[in-house]
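J.: Please find one structure pasted underneath; my questions will follow.
If you want it as structure tokens, here you go:
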């Protein structure tokens, strides 16, 4: 699959936090939590931190400005979270997963497929981790406004005791990753 960042001036990079990113102070995704995360230089600190991988999309035609990003980390979930799931998740009480911690695309680049491109990259990386280190799939906590977006990509909601309408846990099993 050819993604948008392969065919345009927007390019995907793994970001280790060693260089500043252009456009972080003006980054505006429409989500206050994501915007604050970016503006407070958390991408840089996450990029430097062990245990988290940061991917950024930058626009080479616009002073290498930040288009969007996602963060991935190893994580585990209680098997109880999968009580209604039909997927084979293993028999241990703690289920290893990859967590998509944060995902954001600047408003001026939204509705062009970059968010989907970032999720597809996260899925590709998750599949590799699952094959090489053993885990069950990709987990995330979605903003209610993003539920339809993630469901379109194959994710399903996890039923949790104490779920809040502001944070919806979702999961995609490795067997469902293309």
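Numbering (full-length UniProt numbering), first residue to last: 1 to 178.
Note that the Cβ used here is the ideal one computed from N, Cα and C, for glycine as well.
What you are looking at is a predicted structure, and each value in this text was computed from that prediction instead of being measured.
1. By how many angstroms is the C-alpha of residue 117 removed from the C-alpha of residue 153?
2. Under the rule that 16 or more other beta-carbon atoms within 10 Å means buried, what is residue 1, buried or exposed?
3. Per the contact definition of three or more C-beta pairs closer than 8 Å, is the region 74–81 in contact with the region 40–48?
4. Would you please state the rounded distance, in angstroms, between the beta carbons of residue 113 and residue 66? I believe it to be under 8 Å.
5. Leaving out five residues before and five after residue 182 in sequence, what residues of the same chain have Cβ atoms less than 7 Å from its Cβ?
6. Just the Cα atoms here: how many angstroms apart are residue 26 and residue 39?
7. With DSSP as the reference, label residue 157 as helix, strand or coil.
8. By how many angstroms is the C-alpha of residue 108 removed from the C-alpha of residue 155?
9. So what's residue 104 in DSSP terms, helix, strand or just coil?
10. Quick one: grab the DSSP three-state call for residue 70.
T.: The answer reads as follows:
1. 11 Å
2. Residue confidence is low: residue 1 scores 36 on pLDDT, short of 50, so the model does not pin down where it sits. No coordinate-derived value is stated.
3. no
4. Rounded, the Cβ-Cβ distance is 17 Å, inconsistent with contact.
5. No statement about residue 182 is possible, as the shown extent of the chain runs from 1 to 178 and does not include it.
6. 7 Å
7. strand
8. 26 Å
9. strand
10. strand
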